[in-house]
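Visitor:
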Amino acid sequence: MTNAAKPNSPSASRTLLLRDGLNEALHQEMARDERVFCIGVGIAERGGSYKVTDGLLAEFGPQRCIDTPIAEASIVGAAVGAAITGMRPVVEVLFVDFTLLTMDQVVNQAAKYRLMSGGARSVPMVLRTQGGVGDGVAAQHSQSLEGLFYHIPGLKLVMPSTPRDARGLLLSAIRDDDPVIFLEHKALYMTEGPVPVDEEVIPFGVADIKRSGRDCTLIAWSNMVPRSLTAAEELASAHGIDVEVIDPRTLVPLDRQTILESVCRTEHVVIVQEAVRRGGVAADIASIIQADAFDYLDAPVEIVAGRNIPIPYNRTLEQACIPQTADIVAAVRRAVYA
Amino acid sequence: MTNAAKPNSPSASRTLLLRDGLNEALHQEMARDERVFCIGVGIAERGGSYKVTDGLLAEFGPQRCIDTPIAEASIVGAAVGAAITGMRPVVEVLFVDFTLLTMDQVVNQAAKYRLMSGGARSVPMVLRTQGGVGDGVAAQHSQSLEGLFYHIPGLKLVMPSTPRDARGLLLSAIRDDDPVIFLEHKALYMTEGPVPVDEEVIPFGVADIKRSGRDCTLIAWSNMVPRSLTAAEELASAHGIDVEVIDPRTLVPLDRQTILESVCRTEHVVIVQEAVRRGGVAADIASIIQADAFDYLDAPVEIVAGRNIPIPYNRTLEQACIPQTADIVAAVRRAVYA
Amino acid sequence: MQTPDDADLLARLYRTLYGIRRFEQTCISLYRLGHIRGYLHPYLGEEAIATGVCAALGEDDYIVSTHRGHGHCLARGAGFDRMLAEITGKATGYCGGLGGSMHIADPDTGNLGANGIVGAGIPIGVGAALGATIRGEDRVCVVFSSDGAANHGTFGEALNLAAIWNLPLLLVVENNQFAVSTPVHKASRVVDLFRRGQGYGVESLTIDGNDVLEVYECAADARRRLLAGEGPILIEAKTYRQAGHHVNDPGAYMPQNQVEHYKARDPLTLCRQHLADDERADAIETEVDAEIEAAVDFAHGSPEPAVDEFLHEYEA
Amino acid sequence: MQTPDDADLLARLYRTLYGIRRFEQTCISLYRLGHIRGYLHPYLGEEAIATGVCAALGEDDYIVSTHRGHGHCLARGAGFDRMLAEITGKATGYCGGLGGSMHIADPDTGNLGANGIVGAGIPIGVGAALGATIRGEDRVCVVFSSDGAANHGTFGEALNLAAIWNLPLLLVVENNQFAVSTPVHKASRVVDLFRRGQGYGVESLTIDGNDVLEVYECAADARRRLLAGEGPILIEAKTYRQAGHHVNDPGAYMPQNQVEHYKARDPLTLCRQHLADDERADAIETEVDAEIEAAVDFAHGSPEPAVDEFLHEYEA
Ligand SMILES: Cc1ncc(C[n+]2csc(CCOP(=O)(O)OP(=O)(O)O)c2C)c(N)n1
Ligand SMILES: Cc1ncc(C[n+]2csc(CCOP(=O)(O)OP(=O)(O)O)c2C)c(N)n1
Ligand SMILES: [Mg+2]
Ligand SMILES: [Mg+2]
């Protein structure tokens, strides 16, 4: 049950893959607004490694769906330049690991241009990228780096977990006047889910309660949402613990209100992130909750996170580095029985 | 009174500027170990913009004190390559803001090489850089970015606040077998303080209690240490609050034990950082304290941090963006009277 | 022989040259008096490049500037008053006092902004040129850049993008022969930096950056070719600083013979020679002096930005 | 006429070529069987480059590899057994199963590692060459690189550093004419990528990357010049993939006439022609087949790395 995407609660919906939800949003926005264009390595002729940009070249031509050489820093720089001169670029960086090559343009240019220009111009750019552990792609292709972008003022940060959210949030991202980091998860592209037939623009800063519950607030995003929902079912059936799963969907802006309301009701909190524990977003949310809901907390905020290790290749080790369902179950039990 | 640097508590000391303490460490290590060399933009002939590398060219020649073109990514990359083949490079990136150009080499290469090579080799590289608000150097030259490095497993992270710590920690950094981000603060280079005449290697992971106190634990690093000490004096004299000021000195590894012991004594905590509030190191330390000292806390952990805004040029606005002494005083009072 | 049109052009060019010169001198004084903080990189000695290039541009064209950017802004049409207000951190400045010397942008004149990161402006200019191409507009984008930036990754990356996409991009490499104190020959085996462009298949040439007429004509020709769709052009303009790298750098490392060589080829002197009308030149100077004096008063009289409004606007 | 020495060299080269070929085919089979995860970029069709270059190297030399790196590792002396163990994630692999196909490093043979980031290896190689120079050692560093990497910022940046510091760096650009599905002519106006090097003042040449003898001789000559202190050399080796970009890419975008042209110039066929001794070649193949079979058994029989030890070692 979702409570957030209600405003124009659409009647009919169909089942889509997450990647197709994204693709639909791109098609729709490029048709609606000719300032929108897509640019990136391998996005046009091949339609993107995950097929998110499939068909855009055929429909909108090579001027608005642009393949590039391997030059991520300058491609993002070009998107910044286009954005401040009236375009609305959607730039794809194939792996979030490669965004590390673009950090000057993202952090020093895109995130600061509005302020440095005294508000004269903004940078309506969407940087689509993809992270997380997949199937053995190892240390340089498996990172969860939302924590870096989260720390940079001037950026917005979106991490969808369902096809419906993906489509609705990408529409918002493209229409936003500020730079948006749109961070997909490689393990979610083939996730199926209902997506309304009608246009549904999901606003930023509105969390979605993916499961209501009384006993514990569990906050998770991206690929940790389905895993947390699995854990919640197990906790309900095996342990009689009724977990509320909140998906912030946008980490910046963050819907503190929904989180705090839930925490005040349940008095127990677990935050789950795939990213490494140290210095991550989960820690920040924990710091907010302990400050704003101090008197309601029955137990410390529990964080389930990736280990402070680069992701290794071997499958067993790889999986040992990121939260598993059992880890989430154990953390909720610790929190509730504390 | 300091409690940490005691092991070989040296007898004589003299007063040095922080930059000269760093300079002494570089001279000493380059003399001691011929694998050590310095490399960066403007570090040799000019001796560095802050004079930290002054005199090294004259003493060690152009092969071991190397000026480079403006190509930060590749300079750090070259340091990585030298480090894995037996050298111990100390690379300077003039502003931490420019390290954003080098993030692929720092994060994808240096931080992960030990793991990716199955432990066959490590990357004994020190990346010296400098951050923080100075005197009007604006959005692209004023950032505090320790939060980014803090989040990357495989990196160590040092932020000295005194000449003595600066020298002693740089010695450790150069001798460390893993990549170390050594993050100086532009406003501290001209800070004076006692530095022992004898070699003093300050180990990583040992916090220094810069001021002992009973009522509140205040955790601060880099330029927020002197500011916190000023606040502590004011709190003592004007409000009768006795603050303990802990300087972790190395954020990775973090001396949790010293912090937690203090918290359990004082039962009140304030963390002060110049970096922006969202997603910073302070939030992480808060999340650790609320978890590990939950039952001792009388009040939520207070965080005093920079605002979530890029740093503007105008002086008044610039100062409004980062913690001032009055902000620290107010936060301690809030924490203690909560 | 000089036609009246030529004379008017030269007079216009001289006005800009002199304006930049006096503006920079004024900034240095204000810096010494404590009215300017942060970094200040004067464009002294290099005025002919921005002046000649910008005189060749159309109203819709874009420019991208550098950390040494005052000259570009002024040549592109920025007013002394709002420039000085910005550099002194006032609310009336081009960026409301938030940007300062290294971040002046004035999108109304197509000036996309200075940049504190050497080399970062090149891809931004590529993006502006790309956008104009997508929209099918007849605009070019000029990226001012530097010998130091030529060694930066963005240089090759972004120039290559402009080349394969055939973009209307004019990359002006202001080769003032130093990056702070590093001479070009220590930073590159190839000291004629236009040769870098050739490896990317980009039409590249080198000119005398101190002769404003040569710069103007070359830029005007380049612009025509860009608008004809021939793809990017790189112009290396050789020049020299008549000052240190920034306001506090005495520039002791600059060889005296080079300093003197270029002083003798001062862009203002050369332009006065072309104009050959001292009376007219003097009159221009008097007018510009008055404008700059007024601009100083404007900046001094302007309010600081308000903290509350600022926080309200920018805190997220 | 071929001397016995030549024949021995050719036999050695053929052994390596064939070893890489069979190894890659074996990996593809193991991948299809589910024993290999992640990315797998076969070096099929390009074997002559790694083989020829590495045969020209001395024991102390360094190499830096790419995402398409198996050939470099094997040519540099890595064993089939520990290679396969690594690629199948076993504790006995070169990286204890932690690196996988894209991150094989074997510092004992001077192999500083493959890299999952296109272009990132170039500065790393520059650093290795720099270190050797500082230590005054007679070593060179070979960086294997690619047409795609030539458009990346590190290419110009790092090549320039090697040039101004006169480093013993051999940059081998494996121009297989595609970056995934992007043909070189869409990514660069200049399709002969060696010309990029000239803008940096670097001695640059282009060769037939499918002829192992040409590669070997050219690399041997380059190495002599590097050791003589002449500074970096860039060799563009033209070649072509005999497969898609990665194991799951059918490579449908590769024009049939090109595929056939290069199939006819298969590096193994060319080397067999040079060797002109089928019996010897066949014997080599039989030996290598047996070695690889043993290596598969070794990998299968090897244990997985232990979780506890791993966490103990790496968790900070
Ligand atoms: C990426 C980056 N590295 C270093 C600096 C510090 N810095 C500012 S200006 C400058 C020299 C620039 O020289 P050049 O590019 O030739 O331009 P010029 O100052 O000569 O106009 C340096 C190194 C910077 N701003 N950005
Ligand atoms: C910086 C970076 N961008 C994108 C990728 C994704 N990627 C992996 S291989 C490849 C193509 C590389 O082509 P090329 O450099 O010519 O090498 P080849 O595969 O042909 O050997 C791409 C785009 C990457 N690994 N690194
Ligand atoms: Mg210069
Ligand atoms: Mg290729």
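These protein sequence lines map, in sequence, to chains A, B, C and D.
Taking our numbering as reference, the numbering of the first sequence is continuous, increasing by one, and the terminal residue is 338.
Taking our numbering as reference, the numbering of the second sequence is continuous, increasing by one, and the terminal residue is 338.
Taking our numbering as reference, the numbering of the third sequence is continuous, increasing by one, and the terminal residue is 316.
Taking our numbering as reference, the numbering of the fourth sequence is continuous, increasing by one, and the terminal residue is 316.
Note that the Cβ used here is the ideal one computed from N, Cα and C, for glycine as well.
All values derive from a computational prediction rather than experimental measurement.
#1: Against H152 of chain C, what residues of chain B qualify as contacts under a CB-to-CB distance less than 7 Å, listed in chain order?
#2: Can you pull the chain C residues whose beta carbon is under 7 Å from the beta carbon of T316 of chain B, in chain order?
#3: Pull up the distance between the alpha-carbon of M1 of chain B and that of V329 of chain B, whole angstroms please.
#4: Taking the Cβ atom as the reference point for each residue, do S181 of chain D and R307 of chain A lie within a distance shorter than 9 Å?
#5: In its own chain, which residues sit with a C-beta less than 6 Å from the C-beta of E203 of chain D, not counting the 5 before and 5 after it?
#6: Report whether the distance from the Cβ of L101 of chain A to the nearest heavy atom of ligand 1 is below 8 Å.
#7: Taking the alpha-carbon positions, what's the R114 of chain A to T109 of chain D distance?
#8: Could you name the residues of the same chain whose beta carbon sits closer than 7 Å to that of G244 of chain C, not counting the 5 residues immediately before and after it, in chain order?
#9: Can you pull out the residues from the region 217-245 of chain C whose beta carbon lies closer than 9 Å to at least one beta carbon of chain D?
#10: Cβ of I164 of chain C less than 9 Å from any chain D Cβ?
#11: Short check: CB of Y62 of chain C to CB of G118 of chain A, under 9 Å?
#12: So which residues on chain B does H103 of chain C lean against when the C-beta distance must stay under 8 Å?
#13: Any heavy atom of ligand 1 closer than 8 Å to the CB of T269 of chain C?
#14: In chain D, what lies closer than 7 Å to P153 of chain B by C-beta?
#15: Are the region 249-257 of chain B and the region 157-169 of chain B touching by the rule of at least three beta carbon pairs closer than 8 Å?
#16: Between A114 of chain D and T66 of chain D, how many whole angstroms is the CB-CB distance? I'm expecting something under 8 Å.
#17: Taking 8 Å as the cut-off, is the C-beta of E214 of chain C nearer than that to any heavy atom in ligand 4?
#18: Would you report the Cα separation of Q25 of chain C and G153 of chain D, rounded to the nearest angstrom?
#19: Name, please, each residue of chain A whose Cβ falls closer than 8 Å to the Cβ of P248 of chain B.
#20: Note down, in chain order, each residue of its chain lying with its Cβ closer than 6 Å to the Cβ of N3 of chain B, except the 5 sequence neighbours on either side.
#21: Between R224 of chain D and V172 of chain D, what straight-line distance do the alpha-carbon atoms span, to the nearest angstrom?
#22: Along chain B, which residues have their Cβ under 8 Å away from the Cβ of A128 of chain D?
#23: Tell me whether E192 of chain A, by its Cβ, gets closer than 8 Å to a heavy atom of ligand 3.
#24: Check Y50 of chain B in the structure and name its three-state DSSP category.
#25: Can you tell me whether D20 of chain B is buried or exposed? The criterion is at least 16 other CB atoms within 10 Å of its CB, across all chains shown.
#26: Residues of chain C with a CB under 8 Å from the CB of F37 of chain A: which are they?
#27: Listed in chain order, which residues are found with a beta carbon closer than 7 Å to a heavy atom of ligand 4?
#28: Tell me whether the beta-carbon of T16 of chain D lies closer than 9 Å to the beta-carbon of A50 of chain D.
#29: Closer than 8 Å by beta-carbon distance: list the chain A residues that pair up with P123 of chain C, in chain order.
#30: What do you reckon, is the C-beta of F95 of chain A under 8 Å from a heavy atom of ligand 2?
#31: When the cut-off is 9 Å and only beta carbons count, does E24 of chain D lie next to chain B?
#32: By Cβ distance below 6 Å, which residues in the same chain neighbour A5 of chain B in space, the five residues on each side in sequence not counted?
#33: For E236 of chain C, count neighbouring Cβ atoms within 10 angstroms of its own Cβ and tell me buried if that reaches 16, exposed if not.
#34: Go ahead and pull the three-state DSSP assignment for I28 of chain D.
#35: What number of angstroms, rounded off, separates the C-alpha of D33 of chain A from the C-alpha of F204 of chain A?
#36: How would you list, in chain order, the residues of chain A whose beta-carbon sits under 7 Å from the beta-carbon of G69 of chain C?
Guide: Per the coordinate set shown:
#1: Walking along the third sequence from the start, residue 152 of chain C turns up at place 152. Correct list: I70, A71.
#2: Taking the first residue of the second sequence as position 1, residue 316 of chain B is located at position 316. Residues of chain C passing the Cβ test: E304, V307.
#3: Mapped onto the second sequence, residue 1 of chain B falls at position 1. Mapped onto the second sequence, residue 329 of chain B falls at position 329. Reliability fails at M1 of chain B, whose pLDDT of 39 lies under 50, so the model's placement of it is uncertain and no value is given.
#4: Translated into the one-based positions of the fourth sequence, residue 181 of chain D becomes position 181. Translated into the one-based positions of the first sequence, residue 307 of chain A becomes position 307. Going by C-beta atoms, S181 of chain D is not nearer than 9 Å to R307 of chain A.
#5: Taking the fourth sequence and counting its residues from 1, the one referred to as residue 203 of chain D is at position 203. These residues qualify, in order along the chain: I233.
#6: Translated into the one-based positions of the first sequence, residue 101 of chain A becomes position 101. No, Cβ of L101 of chain A sits at least 8 Å from all heavy atoms of ligand 1.
#7: As a first step, residue 114 of chain A is located in the first sequence; it is residue number 114 there, counting from the start. As a first step, residue 109 of chain D is located in the fourth sequence; it is residue number 109 there, counting from the start. Rounded to whole angstroms, R114 of chain A to T109 of chain D spans 51 Å at the Cα level.
#8: Position 244 of the third sequence holds residue 244 of chain C. Closer than 7 Å at the Cβ level, and outside the excluded window around G244 of chain C, lie P250, G251.
#9: G231
#10: Working through the third sequence from its first residue, we reach residue 164 of chain C at position 164. Yes, its Cβ sits closer than 9 Å to a Cβ of chain D.
#11: Here residue 62 of chain C refers to the residue found at position 62 of the third sequence. Here residue 118 of chain A refers to the residue found at position 118 of the first sequence. Cβ distance not < 9 Å, so Y62 of chain C and G118 of chain A don't count as in contact.
#12: Taking the first residue of the third sequence as 1, we reach residue 103 of chain C at position 103. Neighbours of H103 of chain C on chain B, chain order: A138, A139, Q140, Y313.
#13: In the third sequence, the residue the question calls residue 269 of chain C occupies position 269. Because no heavy atom of ligand 1 lies under 8 Å away, the Cβ of T269 of chain C does not count as near it: no.
#14: One-based indexing of the second sequence puts residue 153 of chain B at position 153. Result: A316.
#15: yes
#16: Mapped onto the fourth sequence, residue 114 of chain D falls at position 114. Mapped onto the fourth sequence, residue 66 of chain D falls at position 66. The Cβ separation is near 6 Å, so the contact holds.
#17: If you number the third sequence from 1, residue 214 of chain C lands on position 214. No, the Cβ of E214 of chain C stays beyond 8 Å of every heavy atom of ligand 4.
#18: Translated into the one-based positions of the third sequence, residue 25 of chain C becomes position 25. Translated into the one-based positions of the fourth sequence, residue 153 of chain D becomes position 153. If I take the Cα positions, the gap works out to 37 Å.
#19: Working through the second sequence from its first residue, we reach residue 248 of chain B at position 248. Ordered by position in chain A, no residue passes the 8 Å Cβ test against P248 of chain B, which lies about 13 Å from the chain.
#20: Stepping through the second sequence from its first residue, residue 3 of chain B is reached at position 3. Low confidence applies to N3 of chain B: its pLDDT is 45, below 50, so where it sits in the model is not reliable enough to give any reading.
#21: For the purposes of this step, residue 224 of chain D is identified with residue 224 of the fourth sequence, where counting begins at 1. For the purposes of this step, residue 172 of chain D is identified with residue 172 of the fourth sequence, where counting begins at 1. Their Cα atoms are separated by approximately 16 Å.
#22: Taking the first residue of the fourth sequence as 1, we reach residue 128 of chain D at position 128. Here the neighbours are G81, A82, I84, T85.
#23: What you label residue 192 of chain A is simply residue 192 of the first sequence in a count that begins at 1. No, Cβ of E192 of chain A sits at least 8 Å from all heavy atoms of ligand 3.
#24: Position 50 of the second sequence holds residue 50 of chain B. Note: Y50 of chain B maps to coil in three-state DSSP.
#25: One-based indexing of the second sequence puts residue 20 of chain B at position 20. With 16 or more Cβ atoms within 10 Å of its Cβ, D20 of chain B is classed as buried.
#26: Taking the first sequence and counting its residues from 1, one reaches residue 37 of chain A at position 37. Near F37 of chain A (Cβ distances below 8 Å), the residues of chain C are I134.
#27: D:S146, D:D147, D:G148, D:E174, D:N175, D:N176, D:Q177, D:F178, D:A179
#28: If you number the fourth sequence from 1, residue 16 of chain D lands on position 16. If you number the fourth sequence from 1, residue 50 of chain D lands on position 50. For T16 of chain D and A50 of chain D, yes; Cβs fall inside 9 Å.
#29: Numbered from 1 along the third sequence, position 123 holds the residue referred to as residue 123 of chain C. Those are A73, S74, I75, V76, G77, A78, V80, G81, Q105, listed as they occur along chain A.
#30: If you number the first sequence from 1, residue 95 of chain A lands on position 95. Checking the Cβ of F95 of chain A against ligand 2 gives yes.
#31: As a first step, residue 24 of chain D must be located in the fourth sequence, where it is residue number 24. Not an interface residue.
#32: Here residue 5 of chain B refers to the residue found at position 5 when the second sequence is read from its first residue. At A5 of chain B, the pLDDT of 47 sits below 50, so the modelled position is not reliable; the number obtained from the coordinates is stated separately. Excluding positions up to five away in sequence, the list reads I202.
#33: Locating residue 236 of chain C in the third sequence gives position 236, where the first residue counts as 1. It counts as buried.
#34: By 1-based counting over the fourth sequence, the position of residue 28 of chain D is 28. Note: I28 of chain D maps to helix in three-state DSSP.
#35: Within the first sequence, residue 33 of chain A is the residue found at index 33, counting from 1. Within the first sequence, residue 204 of chain A is the residue found at index 204, counting from 1. Going from the Cα of D33 of chain A to the Cα of F204 of chain A covers about 20 Å.
#36: The residue labelled residue 69 of chain C in the question sits at position 69 within the third sequence. Within chain A, no residue comes near G69 of chain C; the closest Cβ sits about 12 Å away, beyond 7 Å.
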